[in-house]
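K.L.:
Just add 159 to the spot in the sequence shown (first one is 1) and you have my numbering. Backbone N, C-alpha and C fix where the C-beta goes; we use that ideal spot for every residue, glycine too. I have a structure I would like to understand better, so I am pasting it below and will then ask my questions one at a time.
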Amino acid sequence: MSTYRKFLQSKYKSLKLISIDEQLDCSSSKYVSLTLVKIDRQGRTTSTENRRGDSITLSEALDVEREEKVILIKGDPGVGKSTLAINICKCWVEGSLLQTYNAVILLTLRDPEIQAAKTISDLLLTEGKLRESVLEEIIGCLGERICFLLEGYDELPEQLRKSSVFTKLKEKLPNCTLVYTSRPEACDKLESVASRVIKIEGFIKVSVDEYISSTFDSVNNGSKLASQLKSQLDENWIVREILHIPINVAIVCVIFFHFSTLPETLTQLYTLLCLRLILRYITIRTVNVAKVEKLRSLDHLPEGISEQFSQLCFIAYKGTENGNIIFTSQDLLDIGIVENKISDLGLLVTAPSTSVYGREKSYNFLHKTLQEFCTAWYISKLSLQDQLKCINTYWNDDNYIMVWRFYSGITGLNNKEVLNCILPYKLVKSLLTAGRRIPHLMDCVYEAHNSELCQIVGEHLDGNIVHYHTAHVIDYFLTHYKGTMRRVNCLACWDDDEFQLLVTSLQRRQSQHNDDNLILNVPDCRVTHQSFSLLVQLMSTQYPIVKLNIVRINVQSTSDMVSTGDYPNSNVTSTHMVLSQVFTSSNTLSVLDISDNDIGPEGAACFADLRNVLIHDLRMAECKLGPTGADKIGVMLYHNNSIVSIDLSDNDIEDSGVERLVYHLIKNNKLQHLNLWDNEITAVGANHLRRLIVTDHPTLTSIELSNNELKDEGVLVILSSLTVTMEHIGLRGVDMTSSSFPIIGASLNKIKSISFDLCNDDYKVISVANTVLKQLELDITSDSANHKMLSAIRQSDNIETLKLHYWFIKEWVADIIKLLEYSKTLTQLTIRSHNQSPQDILLIANSLKVNNSVKTFKYVDENMDQTTTLNFLEQLKQAYTVEEVTLGVSVKASSDYQFLGDVEKCVQQINHIRSTKDVFSLLKVEIVIYCKR
160 MSTYRKFLQS
170 KYKSLKLISI
180 DEQLDCSSSK
190 YVSLTLVKID
200 RQGRTTSTEN
210 RRGDSITLSE
220 ALDVEREEKV
230 ILIKGDPGVG
240 KSTLAINICK
250 CWVEGSLLQT
260 YNAVILLTLR
270 DPEIQAAKTI
280 SDLLLTEGKL
290 RESVLEEIIG
300 CLGERICFLL
310 EGYDELPEQL
320 RKSSVFTKLK
330 EKLPNCTLVY
340 TSRPEACDKL
350 ESVASRVIKI
360 EGFIKVSVDE
370 YISSTFDSVN
380 NGSKLASQLK
390 SQLDENWIVR
400 EILHIPINVA
410 IVCVIFFHFS
420 TLPETLTQLY
430 TLLCLRLILR
440 YITIRTVNVA
450 KVEKLRSLDH
460 LPEGISEQFS
470 QLCFIAYKGT
480 ENGNIIFTSQ
490 DLLDIGIVEN
500 KISDLGLLVT
510 APSTSVYGRE
520 KSYNFLHKTL
530 QEFCTAWYIS
540 KLSLQDQLKC
550 INTYWNDDNY
560 IMVWRFYSGI
570 TGLNNKEVLN
580 CILPYKLVKS
590 LLTAGRRIPH
600 LMDCVYEAHN
610 SELCQIVGEH
620 LDGNIVHYHT
630 AHVIDYFLTH
640 YKGTMRRVNC
650 LACWDDDEFQ
660 LLVTSLQRRQ
670 SQHNDDNLIL
680 NVPDCRVTHQ
690 SFSLLVQLMS
700 TQYPIVKLNI
710 VRINVQSTSD
720 MVSTGDYPNS
730 NVTSTHMVLS
740 QVFTSSNTLS
750 VLDISDNDIG
760 PEGAACFADL
770 RNVLIHDLRM
780 AECKLGPTGA
790 DKIGVMLYHN
800 NSIVSIDLSD
810 NDIEDSGVER
820 LVYHLIKNNK
830 LQHLNLWDNE
840 ITAVGANHLR
850 RLIVTDHPTL
860 TSIELSNNEL
870 KDEGVLVILS
880 SLTVTMEHIG
890 LRGVDMTSSS
900 FPIIGASLNK
910 IKSISFDLCN
920 DDYKVISVAN
930 TVLKQLELDI
940 TSDSANHKML
950 SAIRQSDNIE
960 TLKLHYWFIK
970 EWVADIIKLL
980 EYSKTLTQLT
990 IRSHNQSPQD
1000 ILLIANSLKV
1010 NNSVKTFKYV
1020 DENMDQTTTL
1030 NFLEQLKQAY
1040 TVEEVTLGVS
1050 VKASSDYQFL
1060 GDVEKCVQQI
1070 NHIRSTKDVF
1080 SLLKVEIVIY
1090 CKR
């Protein structure tokens, strides 16, 4: 093994990093010190201290325990994944990384010879007796102390991601360590099996400044040029937003040095890069250098050069289509290109290889993103018919995401036929759950820089134009979309600059329009008090924010806050101080959600003294309040009658906290809705809560007590105390026995809606349904309980809304069908189930045709397939009374749009039939998309 180790080390010493300009020192070797963060199972950074999470060193990222031997390192295009992989190998050679490993085997997955590997032997990068002896030793120890570094998983053809020697390495060598690098869009499956996920965040501002300074050190007046560039970047948000990607910083340095300008879009950036590379190539081949260097457009290249550039774009296009990044002579011959007749124009380089098989000369583009730009350029020059064909084929292909961004920037998306292909379907409001699709579309709109298109897309999305996106794209939409705003979702882990740009954009928006009615979601931001104060100031000027969600925000402490003396308790963090300002900052804010913030009892103390709060709905779930925090929140509620609904779920309030909360509410009770889900409340706490119900003038109409420790005794305390009609009582997961059902039955004349678990088949459950109850929500875990319940409901003339969640039982469909056949009062039916057969679901659809009462039907099964969904809608062509349908469906991320198009066509057919039958109401359909990984 020692001989093999020396062989690999010698090979890695010769690996070179690429520079994109001969006059500037912009080598990728300068951005190996990248910001790395660890990602948890929910896709969040594992810390909230820094701008982009708690950064870790490369050594920490690779320091894994025995059970953690699959590491995924993911990052956006150009962020430095390939460079990092090479750097890992070089550090291993130098003795600073992975020294406990006998071998670090770099597998460049874009390499055709690596892709052709069939066995572990083919991956050892050596031949002859050395390969045989090493293979025997590696297999003998099951891969112990062997690290495979699989660089560029996204560049592996899809069929090889499903089944190949790469997917079976852990099966054959369970003790080996696997380190993958990949673009995010290709690693969903890897994330589910990886024991550790690391994200490359790239450069922070300090890193950008250092890179620029060191890059210009090698040229005349370099210090002055570096200062000018930094100064212009401070004023250019468009470019600043993309500088966390190291290759973009390098390109910006090259562009500024040669063109003295900064681009506004990524397309412009790569256009200038292409132009610079081509100019560098041809200036030494023409006498009229001055004329050539005046070129500023790829459309006006000299005739011969233009033809060569078109040929390179064709190679890029065919490579993207075939999944090729490296092009051999045979690859070029297969697409009709003669190798010795192509001109690389500086865009192509000879491909480096980690293999040792003496392969023939091959090529790749300077960077994969450059190949994607050239692919987009080629598509943009096709006939409209061929462009549309490409869009229909590849628009939803993850491998073409960057291609379509560049295509949008090149063409401006001015053609209406193209727009009809790419716009999502209006009827599917929950398309946002599909993840990347809406941000992808917005990126394309931004690259197109087409204000008319921005307006069209804004209207198409009904004002929900910003879905977790970068600040400069939000700014563009806020500026150019002239309709009514409904929702702005900030991107998690924004910093001060991005947050301030958002507020500035909203201020500018306020001066242009006064019809906004905005829901603002601010997740995971790490900002200073000064930055957040801008939002408070905006709200105080009556910007119409009606709902504000502030989730897991971390406002950094600043000295000016401490000096004010407003909050003398030095243990109270600035986050709590700033959040407390929001309560009284706006006359328009109706709903404030500050859930999942680490507020605690100390933070709650900041809220206790607040006055003149105008919020109606306050949500503080998972804020770690505890009993003491509940007492402080009770003080605030006592002094602010405007709050009629509060969510305190999952706060470990316990019985003592309930006692203090009730103590304050009973004095000045205006509260109508109280959510105490999962707070360790027992019958003792229930006895305190009954005081809110039995007062002379009770206002509480809804109380959620699910997932507490009430048991039968607590249920009896609450229900026996009712003196007025309650809108809703939640009792799911409170460990009731059959003895509680008579209590429920006797109380239902005072309850409009109730939710509880139905897992007992006692005959007394029949009395629950056969009452005046109008709304019922049940978790059902027993077939017999379900049968008796639905039999009773069929005989009831009261139930209007029924929500049923079936837990791992399947024999419920026949009873639902009978219910639909006989019920005359049921108007809303919601069913949630698991893995139900398609035939049963279609039977329910058929039953809706004979039912004349159900107007709203919702069925959610995360495993329901697309075919069943379409067949279900087909059955509704004669269900004329059904007005709204919601269906959950499982799709692959790359196929959602095609499926939604089929849904839209089906709904259009149904509504056409209704119009011919003089049916007054049209059918509305919402598809809840579950992207399976």
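Tell me whether D806, by its Cβ, gets closer than 6 Å to a heavy atom of the ligand COA.
P.N.:
Here there are no bound small molecules, and the ligand COA is not part of this structure.
K.L.:
With 16 as the cutoff for other CB atoms within 10 Å, does H459 come out buried or exposed?
P.N.:
H459 comes out exposed.
K.L.:
Looking at the structure shown, is N1010 part of a helix, part of a strand, or coil, going by DSSP?
P.N.:
Looking at N1010 - three-state DSSP - the assignment turns out to be coil, as it is neither helix nor strand.
K.L.:
Are the CB atoms of D942 and E970 within a distance shorter than 7 Å?
P.N.:
Contact: yes.
K.L.:
Hey, out of T734, M644, A630, N838, whose CA is closest to T687's CA?
P.N.:
Residue T734 is the option with its Cα nearest to T687.
K.L.:
When the distance is taken between beta carbons, is C472 closer than 7 Å to C433?
P.N.:
Cβ distance not < 7 Å, so C433 and C472 don't count as in contact.
K.L.:
Ordered along the chain, which non-local residues of its own chain (more than five positions away) have a Cβ less than 6 Å from that of K228?
P.N.:
Here the set comprises T336.
K.L.:
Quick one: Cα of K1083 to Cα of L315, how far?
P.N.:
For K1083 and L315, the distance between alpha carbons rounds to 42 Å.
K.L.:
Could you spell out where the beta strand (DSSP E) holding A262 opens and where it closes?
P.N.:
Counting along the chain, the beta strand (DSSP E) containing A262 begins and ends at 262-267.
K.L.:
Assign F524 to one of three DSSP states: helix, strand, or coil.
P.N.:
Strand.
K.L.:
Looking only at its own chain, which residues have a Cβ that is under 8 Å from the Cβ of I357, when we skip the five neighbours before and after it?
P.N.:
Same-chain partners within the cutoff: L195, V196, K197, I198, I215, A220, I230, L231, I232, K233.
K.L.:
I need the straight-line Cα distance from K170 to T259, nearest angstrom please.
P.N.:
The straight-line gap from Cα to Cα measures roughly 19 Å.
K.L.:
Can you give the Cα-Cα distance for S465 and I441, rounded to whole angstroms?
P.N.:
C-alpha separation (whole angstroms): 12 Å.
K.L.:
May I ask you to report which of helix, strand or coil DSSP gives I987?
P.N.:
The question names Ile, yet the displayed sequence has Gln at residue 987. Here Q987 sits in strand by DSSP.
K.L.:
In chain order, what residues of the same chain lie with their CB nearer than 7 Å to the CB of A409, ignoring the 5 residues before and after it?
P.N.:
So the list reads I179, C185, once near-sequence residues are dropped.
K.L.:
Please list the terminal residues of the continuous alpha helix (DSSP H) segment that includes I633.
P.N.:
Residues 630-639.
K.L.:
Where P461 and Q467 are concerned, what is the direct C-alpha to C-alpha distance, given to the nearest angstrom?
P.N.:
If you take the alpha carbons of P461 and Q467, they lie about 10 Å apart.
K.L.:
Is the region 362-381 close to the region 343-354, with three or more CB pairs under 8 Å?
P.N.:
Segments in contact, no.
K.L.:
Verify whether the separation of the beta carbon atoms of N756 and L784 is less than 7 Å.
P.N.:
For N756 and L784, no; Cβs fall outside 7 Å.
K.L.:
Leaving out five residues before and five after L748 in sequence, what residues of the same chain have Cβ atoms less than 8 Å from its Cβ?
P.N.:
Taken in chain order, the residues that qualify are M698, I704, V705, K706, L707, V741, L773, I774.
K.L.:
So, are the CB atoms of V752 and R711 less than 7 Å apart?
P.N.:
Just to set this straight, residue 752 is Asp in the shown sequence, not Val. Result no, Cβ atoms of D752 and R711 do not sit closer than 7 Å.
K.L.:
Is the region 485-503 close to the region 416-435, with three or more CB pairs under 8 Å?
P.N.:
Too few Cβ pairs lie closer than 8 Å, so no.
K.L.:
Can the beta-carbon of I1086 be found less than 7 Å from the beta-carbon of V1048?
P.N.:
Result yes, Cβ atoms of I1086 and V1048 sit closer than 7 Å.
K.L.:
Compare the C-alpha of K829 against each of L807, N799, G816 and name the closest.
P.N.:
Comparing Cα positions, the closest option is N799.
K.L.:
Under a three-way DSSP split, which group does C300 fall into?
P.N.:
Reduced to three states, the DSSP call for C300 is coil.
K.L.:
Give the single residue among H847, I538, R455, D503 whose Cα lies nearest to the Cα of E480.
P.N.:
When only C-alpha atoms are compared, the closest one is I538.
K.L.:
Here's the rule I'm using: 16 or more other beta-carbon atoms within 10 Å means buried, otherwise exposed. How should P598 be labelled?
P.N.:
Per the 10 Å Cβ criterion, buried.
K.L.:
Tell me, which residues are paired with G1047 by DSSP?
P.N.:
BP columns for G1047 point to V1087.
K.L.:
Spatial neighbours of D222 within its chain, please: CB distance less than 6 Å, with the 5 preceding and 5 following residues excluded, ordered by chain position.
P.N.:
No residues qualify anywhere along the chain.
K.L.:
Among Q701, Q1034, T509, S390, whose alpha-carbon lies nearest the alpha-carbon of K175?
P.N.:
Nearest option by C-alpha distance: T509.
K.L.:
Tell me which residue opens and which closes the beta strand (DSSP E) that T336 is part of.
P.N.:
That run of the beta strand (DSSP E) goes 336-341.
K.L.:
Quick one: residues in its chain with C-beta nearer than 6 Å to the C-beta of H403, no 5 flanking neighbours on either side, listed in chain order?
P.N.:
Counting only Cβ-Cβ distances below 6 Å, and skipping sequence neighbours, we find G361, F362.
K.L.:
Could you check how far apart the C-beta atoms of E886 and T860 are, in whole angstroms? I think they sit under 8 Å.
P.N.:
Sure, about 4 Å apart at Cβ, within 8 Å.
K.L.:
Kindly indicate which three-state DSSP category K165 falls into: helix, strand or coil?
P.N.:
It is helical.
K.L.:
Along the chain, which unbroken stretches of the beta strand (DSSP E) at least 3 residues long are found entirely within the region 870-941?
P.N.:
List check, beta strand (DSSP E) in window: 887-890, 912-917, 934-939.
K.L.:
Would you kindly report the start and end of the unbroken alpha helix (DSSP H) that includes S390?
P.N.:
381-394 is the extent of the alpha helix (DSSP H) around S390.
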